[in-house]
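Oh and the sequence shown: position 354 is 336 in this note's numbering, straight run, nothing missing. Notes for the one structure printed next.
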Amino acid sequence: MSRLPVFAPTKADEQARVIADAVINRVSVYGNSTCPLETAVGFFKLCASQSCGKCTPCRIGLTRLTDSLESILRGERVEGIVEQVIMVCDTLYKSADCAIGFQAGRIGLAFADLIKEDAESHLATGTCTQPFTAVPCVKECPSHVDIPGYIACLRDGRPEDAVRVIRNDNPFPSACAFVCEHPCEHTCRRGMIDAPVNIRGMKQHAVLTAGQVPTPEKAPATGKKVAIIGGGPSGLTAAYYLALMGHDITVYEQNQHLGGMMYYGIPRYRLPEANLDYDIEAILSLGIDVKLGVKVGVGVQWEELVKGYDAVYIAIGAHHFKDLGIDYATREGVMSAVQFLHRVADGRPDDVAGKDVVVVGGGNVAMDATRTAKRLGAKSVRCIYRRRIED
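Written as structure tokens, this is what we have:
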């Protein structure tokens, strides 16, 4: 009986694993600004290095792919070269003997349109279709806030100026400091070294230490009147920047409190009311007129708004919930999480004390409803979700 050999990982294996982790990390951090063609070349070269070279599609096809794409990057115009690249990918996908060539062909075909578009751009202008992004975190921020700018202000001990920088693009610095999903951190370059900078934490530090920061001076009055239907994040943001431009703004809100889903959908333990009011008061300090408890079509007619204002901005939000579409979903005791959280914020919570509560779903709203029910004294709270914990 032959001995059972034991193969320990070599230094080369360990080094390859470290490099692979670094590549994955770099792509996840900076992938949104990488040239598609250069990314494809790197991928196909990796596939070629892993190939055993026994089958013709891999041995010749992968080399042909990388050579063709690199010639495009050099600006060498060859008749039909883009079509050749797609044809080679198709051949790899259909006739490679193993997963190495098969996957290379599949990826090439899946992104054929993007590769073709980028190749044509390189050949025509010598540049990539992807715009250069000097600061990835700013690009990833939905409001495109000048993140390096307010971090620099904090570094110099000027939290008031940090808040001013944030308000240039987002009038809710305090609210976002508590509940923002901080996608900016996903592309923070510091993540290439160890871990992303705690960007949201620094924003929170700015608003907590700055105190009351006056809003910028308004532009001269334009004489234009704008009606805004809805006093949520969208409506108040529009009101803020339009008021700064010198327009006369009136906000119509059907509820008794401004803020929309920030007020009625996010529990106070996540977003304290005082912090939300801090942002709202700053917005209203520009002289914005607010009509609370007024529903368009009831308290005021649409025709009145159209005739009485130069423009109307509709920001009614998304307060309706999705129906489960199953039996018993309309029975007594069954409610949407949005309705449940709205009533809690409105000061008239459902009586769940001592009761068994089941929350269907596993997203942010479901977690808010779960934790709120527990805080209201529910006997037990169970969360039912279609995915596994590891997903």
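All C-beta atoms in this analysis are idealised placements derived from N, C-alpha and C, irrespective of residue type, glycine included. Every value quoted in this text rests on a predicted model; they were computed, and no experiment measured them.
Check	Outcome
Is it the case that the Cβ atoms of PHE25 and ILE82 are separated by a distance below 8 angstroms?	no
Where does ASP271 fall in DSSP's three states?	strand
With 16 as the cutoff for other CB atoms within 10 Å, does GLU199 come out buried or exposed?	exposed
Within 10 Å of its beta-carbon, does LEU253 have 16 or more other beta-carbons around it, so buried, or fewer, so exposed?	buried
For GLY290, I'd like the list of residues in its chain whose CB is within less than 8 angstroms of its CB, leaving aside the five on either flank, ordered along the chain.	LYS207, ALA209
Near TYR367, which residues of its chain fall below 7 angstroms by C-beta distance, leaving aside the five closest residues on each side in sequence?	GLY343, GLY344
Would you mind sorting ALA201 into buried or exposed? The rule is 16 or more other CB atoms within 10 Å of its CB.	exposed
Just curious, the alpha helix (DSSP H) that ALA92 is in, first and last residue?	81 to 92
Using 8 angstroms as the cut-off, can you tell me whether the stretch 90 to 106 makes contact with the stretch 65 to 76, which would need three or more C-beta pairs spanning the two stretches below that distance?	yes
Roughly how many angstroms lie between the CA atoms of SER349 and GLU372, to the nearest whole one?	For the sequence presented, residue 349 should be read as Met rather than Ser. Taking the straight line joining both Cα atoms gives about 17 angstroms.
Rounded to whole angstroms, what's the CA-CA distance from LEU258 to THR21? Just pull it up for me.	43 angstroms
Does the beta-carbon distance from VAL276 to TYR245 come in below 8 angstroms?	no
So, ALA192 versus ALA144, is the Cβ gap smaller than 8 angstroms?	yes
Can you tell me where the alpha helix (DSSP H) with SER77 in it begins and where it stops?	63 to 77
For ILE270 versus ILE298, is the C-beta spacing smaller than 8 angstroms?	no
Identify the continuous alpha helix (DSSP H) that holds ARG149 and give its terminal residues.	141 to 149
Per DSSP, what kind of secondary structure is ASP374 in: helix, strand or coil?	No answer is possible for residue 374: the residues shown for the chain start at -17 and end at 373.
When the Cβ atoms of the stretch 1 to 18 are set against those of the stretch 33 to 40, are three or more pairs found closer than 8 angstroms?	no
Quick check: the Cα distance between PHE303 and ARG364, rounded to an integer number of angstroms?	20 angstroms
Should ALA86 and LEU44 be called a contact, given that it needs their Cβ atoms to be closer than 8 angstroms?	yes
So, with DSSP's three-state summary, where would you put ARG171?	helix
Since ASP261 and PRO153 are thought to touch, with beta carbons under 8 angstroms apart, how far apart are those beta carbons, to the nearest angstrom?	6 angstroms
Look up ARG364 in the DSSP assignment and say whether it is helix, strand or coil.	strand
Give me the residue from CYS158, VAL127, CYS162, ARG137 with the minimum Cα distance to ILE405.	The structure shown has nothing for residue 405, since the chain only spans -17 to 373.
Can you tell me whether DSSP reads ASP49 as helix, strand or coil?	helix
Quick one: what's ILE296 bridged to in DSSP?	ILE211
Give me whichever residues DSSP pairs with GLU263 in a beta bridge.	In the DSSP output, where bridge partners are listed per residue, GLU263 has none listed.
Determine whether the beta carbon atoms of LYS121 and CYS158 lie at a separation below 8 angstroms.	no
According to DSSP, is VAL127 part of a helix, a strand, or is it coil?	coil
What did DSSP end up calling GLU235 once you bin it into helix, strand or coil?	strand
Cα-Cα, which of LEU274, VAL341, ARG325 is closest to LEU306?	VAL341
For ARG146, count neighbouring Cβ atoms within 10 angstroms of its own Cβ and tell me buried if that reaches 16, exposed if not.	buried
For my contact list, VAL320 and HIS301 are in at a C-beta cut-off of 8 angstroms; report their separation, rounded to the angstrom.	6 angstroms
At the level of alpha carbons, what is the spacing between GLY57 and CYS71?	21 angstroms
Return the chain-ordered ranges of every alpha helix (DSSP H) run that is complete within the stretch 11 to 40 and spans a minimum of 4 residues.	18 to 32
Between the Cα of CYS162 and the Cα atoms of PRO215, ASN150, ALA177, GLN236, which residue gives the shortest distance?	PRO215
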